[in-house]
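Reading through the structure tokens given below for one structure.
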Amino acid sequence: MPLTTEHLSPIVALIAGILVLILPSLLNYVVAIYLIVIGLIGLNGIYHFVN
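Residue numbers for the sequence shown follow the working numbering, beginning at -6 and rising by one.
So, in structure tokens, the structure goes:
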């Protein structure tokens, strides 16, 4: 099964949630990185940067 952008969003959310549970002091960084990644995935769905 190939990994597509639809699979990345839940995987990134799961990793971000685990990191926040383990190290709550990383919350600002985890949220910022999560938002950037989700934004890039969304833009890729519109502009198809990665096929």
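We treat Cβ as the ideally placed atom computed from N, Cα and C, and that holds for glycine.
None of the values given here were measured: they were computed from a predicted structure.
Comparing C-alpha distances from Y27 to each of H0, I8, P(-5) and T(-3) shows the shortest one belongs to I8. CA-CA distance, V13 to I4, rounds to 14 Å. When DSSP states are grouped into helix, strand and coil, L(-4) belongs to the coil group.
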